[in-house]
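Asks: To start, I am sharing the structure in question, which I have written as structure tokens.
The following block contains the structure:
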């Protein structure tokens with residue numbers, strides 16, 4: 001099993017959710033996040049005063065999938081989240097040792 005984690009722009013969330021549903025992903029976790037990469041934030045003007053926004057709003061998506069499904073999920077997220085502009089985000093996968101469905105106690109692939 002793999003944990004796929006994606007950090008994307010908030011306005012791309014609906015497109016990513018739709019893309020994941022279309023390939024059969026039935027559950028995911030979404031968390032509001034903030035951070036920066038190469039863009040290092042940006043400068044804004046509020047009531048005539050200029051200030052720096054160092055942390056850019058992002059969304060973190062997490063999905064646990066079978067090993068065979070990891071690459072299609074990554075490709076779906078990348079395709080749906082991509083705008084071609086700086087700050088589109090990152091996607092990565094890490095191995096998951098065990099998963100337990102709390103309600104039933106099922107473990108491993110049965111818990112997905």
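In UniProt numbering, the protein residues as written are 1 to 112.
A virtual CB, placed ideally from N, CA and C, is assigned to each residue, including glycine.
The structure displayed is predicted, hence computed values, not measured ones.
Under 8 Å, do residue 76 and residue 20 count as touching if we go by C-beta distance?
Replies: Here residue 76 refers to the residue found at position 76 when the chain shown is read from its first residue. Here residue 20 refers to the residue found at position 20 when the chain shown is read from its first residue. Yes, the Cβ-Cβ distance between residue 76 and residue 20 is below 8 Å.
Asks: Residue 63 by DSSP, collapsed to three states: which one?
Replies: The residue you call residue 63 lines up with position 63 of the chain shown. Of the three classes helix, strand and coil, the one that applies to residue 63 here is strand, per DSSP.
Asks: For the candidate residues 49, 109, 68, 61, whose alpha-carbon lies nearest to that of residue 92?
Replies: Start at 1 with the first residue of the chain shown, and residue 92 comes out as number 92. Nearest option by C-alpha distance: 61.
Asks: According to DSSP, what are the bridge partners of residue 81?
Replies: As a first step, residue 81 must be located in the chain shown, where it is residue number 81. DSSP, once it has assigned bridges, lists no residue as partnering residue 81.
Asks: Between 4, 109, 10, which lies nearest to residue 28 when the distance is taken from Cα to Cα?
Replies: The residue you call residue 28 lines up with position 28 of the chain shown. Looking at the Cα atoms, 4 is the closest of the given residues.
Asks: First and last residue of the beta strand (DSSP E) that includes residue 29?
Replies: Within the chain shown, numbered from 1, the residue matching residue 29 stands at position 29. Start and end: 29-35.
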